[in-house]
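Have a look at the structure below before the remarks.
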Amino acid sequence: KTHDFRESAEQSVSLEKKINVDPEPDTEQHTWHDTLSIDDSVARELSTQTRVLCWVPARASDITKSIRAVNETWVRRCDGHLFFVETKQPAWDIVSVGVDGTNRLAEKMYAATVYIYKHHLDQYDWFYRADDNTYAIMENLRLLLSKYDPNQPVYLGQLYQVYTPHGFMAGGGGWLISREALRVLIEEGFEKNKCPPVERHSDDIHIAKCLHAAGVKRHYSLDKFGRESFHQQSAQEVIASKQLTRIMKRLAHFPQQV
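Just so you know, the sequence shown maps onto residues 1 to 258 in the UniProt record's numbering.
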């Protein structure tokens, strides 16, 4: 079954509210520099040059669990962040998209990217989609992005060579597109109906098909040592499961090394 999401996307946008979720202040303030000598000059410089919006599709029922954990940890190092859930909520940085169900992730992705395009396209250079159980080290991500121009259509993530002729970036470790890639995705892919019909695909597979149809090329996300920067599975899962390691070697273009 195919869907026309334009009308629903127009009606879905509802809420962006912020609350202060800082913990109680510690009477003794400590920093890493109290005990360690850290040169973070590169990270600080990149933080002023590369603007990243992190966005996380989630369920309203997870607000007090996984969304809270994300909101209080790594997502604070993004330049902006949004959570997309199915219903209106009175807290966090939440946008209601009116789409529920794990079998409708592609529809939620559509509504979320349309919202970001309309409200945040010119405010950020990069748009990072993560799961509510993802953990990202933003300093490393900004270092990776420093090689690329956000004014070019760029699509990054851990490449899996299955399900589509050109592969797709697995959603577990997150995938990321540049400002120009987002513009092309919406204006060429969605508005000109170049994207294939939405079926029961995961959102990461469908977005890969849309981006390819719109003319956005994938890029490898290797660090300076030739290692993958995005990971679908945790290190614990890879080390503990020999079967998973074999599967990863078959599916991933650049499997994790253990």
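Yeah, the Cβ is synthetic: ideal placement off N, Cα and C, and Gly gets one too.
Once you ignore the five residues that flank residue i on each side, which residues in its own chain have a CB closer than 8 Å to its CB?
{"i": "C195", "result": "G189, H206, K209, C210, A213, A214"}
{"i": "G167", "result": "L159, Y160, Q161, A208, R218, H253"}
{"i": "L53", "result": "C78, D79, G80, H81, L82, I116, H120, Q123, Y124, W126, F127, Y128"}
{"i": "T73", "result": "Y135"}
CA-CA distance, residue i and residue j?
{"i": "S96", "j": "R44", "result": "33 Å"}
{"i": "R104", "j": "K118", "result": "22 Å"}
{"i": "E86", "j": "Y110", "result": "13 Å"}
{"i": "Q161", "j": "K65", "result": "33 Å"}
{"i": "S178", "j": "S61", "result": "30 Å"}
{"i": "I116", "j": "A58", "result": "16 Å"}
{"i": "V75", "j": "Y124", "result": "15 Å"}
{"i": "E180", "j": "P153", "result": "5 Å"}
{"i": "Y163", "j": "D204", "result": "11 Å"}
{"i": "D149", "j": "K224", "result": "17 Å"}
{"i": "K192", "j": "I186", "result": "8 Å"}
{"i": "T50", "j": "D40", "result": "16 Å"}
{"i": "G226", "j": "D131", "result": "25 Å"}
Could you check where the alpha helix (DSSP H) with residue i kicks off and where it finishes?
{"i": "R183", "result": "179-184"}
{"i": "C210", "result": "203-214"}
{"i": "L144", "result": "138-145"}
{"i": "V75", "result": "Neither: V75 is in no alpha helix (DSSP H) and is coded neither H nor E."}
Could you please give the first and the last residue of the uninterrupted beta strand (DSSP E) stretch that includes residue i?
{"i": "R129", "result": "126-129"}
{"i": "L82", "result": "80-85"}
{"i": "V154", "result": "154-156"}
Sorted by chain position, which residues of the same chain lie with C-beta nearer than 6 Å to residue i's C-beta, five sequence neighbours on each side aside?
{"i": "G157", "result": "M169, W175, F230"}
{"i": "G173", "result": "Q158, F230, H231, Q232"}
{"i": "T134", "result": "G174"}
Are residue i and residue j closer than 8 Å when you measure CB to CB?
{"i": "K108", "j": "F84", "result": "yes"}
{"i": "L222", "j": "R142", "result": "no"}
{"i": "R183", "j": "L144", "result": "no"}
{"i": "A112", "j": "W55", "result": "yes"}
{"i": "E114", "j": "Y155", "result": "Reading off the sequence shown, one finds Val at residue 114, where the question assumed Glu. Taking 8 Å as the Cβ cut-off, V114 and Y155 do not qualify as a contacting pair."}
Which residues in the same chain as residue i place their Cβ atom closer than 7 Å to its Cβ, once the five residues preceding and following it in sequence are excluded?
{"i": "E24", "result": "Confidence is the limiting factor: at E24 the pLDDT is only 48, short of 50, which leaves the residue's position unreliable, though a coordinate-based value still follows. Excluding sequence neighbours, E24 sits near nothing in its chain."}
{"i": "R77", "result": "M138"}
Restricting to runs no shorter than 3 residues, where is the beta strand (DSSP E) found entirely within the stretch 94-123? 94-96
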